[in-house]
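Residue numbers (the numbering used here), protein chains in the order written: chain B, 1 to 453; chain L, 1001 to 1258; chain Z, 2001 to 2379.
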């Protein structure tokens, strides 16, 4: 598996090189784009001189990160970077599709079409995020990226993408390390220019802790992560919140993503005889934990809980997950309307079903949709059309707009962005699996506990 | 035993040429071995002795000429076919399957045979011939002494019910006392009726027990006579040692692998 | 099968009589490893006697110790896992024996077996046979899976390795890595990238049985693995084909002189190795009930390590190597590392498995049952 990823990374790097080479090759024949973009990006005075003509179109931004010019007839470039292959494709594909649908619903920006290019794959890994980010930043026309799906990929992708002046808005990342601790301290992987509509897992951890301690009345719990920033952050958030509630954390450990025999790790946590076991990890490791836990001495009656990484119909259909609890984003979107497109969740699901012939397999599609409309709004606010009919987009302006988002109405509810890029609605629910393949869809909506900060 | 002149040869090479890549290893070699004979092929290093054996067994294809086994041209037949038709070899340095038991080595000799009664009878004959082998049946072949290994190697070859037994350098790598013993073994099985074709560097020992012999020099047969005549022929020494005083134990030349 | 090395005059590892600097260095490492193992083990014993005793506290203040049932569970789980490693390792070992190279794609043959079992068992479950006649269905999927994985191995040999016969051994080795990628990607293309599950097994398979409190599935795995191993031993040690395999492994040229068709024998070796891997694939499916295209990778690498630990080319060694790696990685983290205060020990199970390989090679370079290879035989 590792070798596979390395190979993919290598191929991706080669691909990036070839794109770069192609771009260089273009220089000779097509100087106009280059000369048009270069002065615009570097010469602020020239911009200032043009200002009188542009007075009619106010836009955000001071040009400090450069300006991207889209020629008349061209398209605004944004990208999608999600986990669209591998074990977590069920999670990344709806995100990628939600970006496409949002662009379709949004329509053109100041008359310019929005181009999504080819969907990039974050492989749900650090390596994958890095490789894809390098491909993206090689194209200087890209304004913003919707992604990544996995926090682990964002850790590598966010610095690269934001350093290039672009913004990265994720509908799927939830690790606290990517934004802040919600108390004013930036997380260790925070990059300026990173935003997300997904919730910060400190909320999810707190929700699960409240549910286990308050609702289920259990006082001892253990947590297992797999070393991925998302799983580790969430397990830690849960453990901290659970102790804050007054419970005792009897074990906190990790597995390998590739492990199948979970008896050793389960025996390790069984030594503390926990009443609840929270494992916010992914498939397939999650399959094996749920399957093998009841067979380990000391865990026969332990309540099993997991998080949104395992909250999908595929996992819920497994016999061993019947009765398990899952935390995740509140998907009861009801009559919420996205203010930029005027669409509701029902409209979205109908369009999704029509286009891809299935319902989204994981719950973050609405977050991806709102992330995209936020980005398109920000591009609109940061751009102006000049006398030649070109669209000039100020990169800093995009960030200025996102930093000031407040009271935005999205599919996921009311969105406010904080100082560290957290724009989520932070509404968490806990659902219980009704059991059985036939109930998998219904289980997704079988809410037993709701949480709002 | 007297040679059987006038009958059809059991094994024959007719004007055989063979190449290892660019090396012309055999040049127009004519050999004929009759039933019941003990004949030897003498020659120095890289003279083409091993190539002759490989060509006879089908491990190397001749570039021209014919290999004839019991009247049938077998140029295009694989080794297993020729073994089934009654030809086998005791390889140089014995090359037993050292990690297999003595019994398994003997059984593998009879790999192509289906007659379990015949196999059992032949096993008994081998035990009769080499009583010491019987005591070692359950042992790994690699644990035997050099002399015992030679017995097993011959026994393994006999198990395929050969009509002609090829022997590649039976004196190679053995202590002088064992060499003597080995040649006694060979004449013993020859006297029991086996046709033997022996390839050897040690001319005196070989001609001491053989009926006839050939001398090979750089892939060409230079002498062809009865054993007595060859021993008496002063040309033997010059032609086959080529003036060199190399010991018979030296490795084969690089132009002739194996 | 070999029992013990013949007195071929091979030098024993110079454990206690170091002669060169390298020997000194190796001796120091060996002693250090033994000290770590001893301290960890003693800390575990101390912890088991009483987690609050000073030595256990010194080693790891958070230690809690294990109950007897938990320890037994670990060992059983290690044996079950190890039996599967052993079955896969047989294929590595046999192919190495006859061709002298490591067929890295063998882990993928195991994956193909597990995938075949998944498809077949789900089809049986669809028509209701899986529930109504579990044992019969199991036999059926074992047969199908053995056929498919043997065929995979045979085709692999014919297409990828036979044309390379006679090439330097590095060439087929690298080819086998390519074959491995090919099979993984073929599985993604044919079956998709998501993990796929086996149908639910009857309760008696999941339930713990009175005998030692072992789950039925694990008893099944251990028993079937032992039977397969016995059948293979009989096949290789007692049958004519088995003798031919061993003869080809030792000296292909002389084997052909005996009238053995070397190519056919090599094909049979691949087929038998593939059958064992297919059997392991089914056991994997019954025990874990989930397969994905990368299922073969890690078990494949561990089985390869098991073959080396046992002494590559030695069938009993492969099984012993598999069992020792399985038990070591299951028990090792909690028995040695946790009492030493290492955190997140369960994540270190792979490290434990591969450390086991290194430790065995440090002490016995030819593996537990292996014979020392002459230099020219080392690939």
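Beta carbons are placed, not taken as given, at the ideal position from N, Cα and C, and that holds for glycine.
When DSSP states are grouped into helix, strand and coil, residue 1156 of chain L belongs to the helix group. Counting along the chain, residue 250 of chain B sits inside the beta strand (DSSP E) bounded by residues 248-254.
When 8 Å is used as the limit between beta carbons, residue 2250 of chain Z is near these residues of chain L: 1097, 1098, 1099, 1100, in chain order. When secondary structure is reduced to three states using DSSP, residue 329 of chain B falls in the strand class.
Assigned with DSSP and collapsed to three states, residue 1180 of chain L falls in helix. In this structure, residue 1077 of chain L sits away from residue 1034 of chain L, with a CB-CB distance that is not shorter than 8 Å. With distances taken between CA atoms, residue 221 of chain B lies nearest to B:270 out of B:270, B:420, B:203. Secondary structure of residue 2123 of chain Z (DSSP, three-state): helix. Among the CB atoms of chain B, none fall inside 8 Å of the CB of residue 2132 of chain Z. Chain B places a beta carbon closer than 8 Å to that of residue 2345 of chain Z, counting this residue as a contact.
At least one CB of chain Z lies nearer than 8 Å to the CB of residue 271 of chain B.
DSSP lists no bridge partner for residue 213 of chain B.
Here residue 2359 of chain Z carries a helix assignment [DSSP, helix/strand/coil].
Rounded to the nearest whole angstrom, the C-alpha separation of residue 1167 of chain L and residue 1085 of chain L is 17 Å.
The beta carbons of residue 1106 of chain L and residue 1159 of chain L sit about 5 Å from each other, so the pair counts as a contact at 8 Å. Cβ proximity to chain L below 9 Å picks out 2243, 2244, 2246, 2247, 2249, 2250, 2251, 2253, 2254, 2255, 2256, 2257, 2258, 2259, 2260, 2261 from the region 2242-2271 of chain Z.
Around residue 141 of chain B, the same chain offers 37, 68, 70, 77 as residues with beta carbons nearer than 8 Å, after the five sequence neighbours per side are excluded. Between residue 2334 of chain Z and residue 2041 of chain Z, the beta carbon gap of about 11 Å keeps them out of contact (Cβ cut-off 8 Å). Against chain Z, a Cβ distance below 8 Å from residue 1160 of chain L picks out 2258, 2259. Neighbours of residue 254 of chain B across chain Z, judged by C-beta separation under 8 Å: 2344, 2346, 2347.
Three or more beta-carbon pairs drawn from the region 297-306 of chain B and the region 273-289 of chain B are found closer than 8 Å, and the two stretches are therefore classed as touching. The beta-carbon separation of residue 329 of chain B and residue 363 of chain B, rounded to 5 Å, stays under the 8 Å limit for a contact.
Rounded to the nearest whole angstrom, the CA to CA distance from residue 2173 of chain Z to residue 2352 of chain Z is 26 Å. Each residue's CA atom was taken as its position, placing residue 1094 of chain L and residue 2318 of chain Z some 30 Å apart. Under the Cβ criterion of 8 Å, residue 1080 of chain L is counted among the residues facing chain Z. Residue 1193 of chain L and residue 2242 of chain Z have their C-alpha atoms some 33 Å from each other. Residue 2271 of chain Z sits close to residue 2150 of chain Z, with the two beta carbons spaced by under 8 Å.
Per the Cβ contact rule, the region 234-243 of chain B is in contact with the region 202-214 of chain B (3 or more Cβ pairs under 8 Å).
Residue 2325 of chain Z sits away from residue 2346 of chain Z, with the two beta carbons spaced by 8 Å or more. When C-alpha distances from residue 1010 of chain L are compared across L:1068, L:1108, L:1021, the shortest belongs to L:1068. Judged by beta-carbon spacing, residue 2259 of chain Z lies within the 8 Å limit of residue 1083 of chain L, meaning their Cβ atoms are closer than that value.
Membership of residue 96 of chain B in the alpha helix (DSSP H) is indicated by the continuous run 89-106. Taking a Cβ-Cβ cut-off of 8 Å, residue 1018 of chain L has no neighbours in chain Z, whose nearest Cβ is about 17 Å from it. Proximity of chain B to residue 2074 of chain Z at the Cβ level (cut-off 7 Å) is accounted for by 263, 264, 267, in chain order.
Think of a sphere of 7 Å around the beta carbon of residue 260 of chain B: the chain Z residues whose beta carbon falls inside it are 2288, in chain order.
At least 8 Å separates the CB of residue 2122 of chain Z from every CB of chain B.
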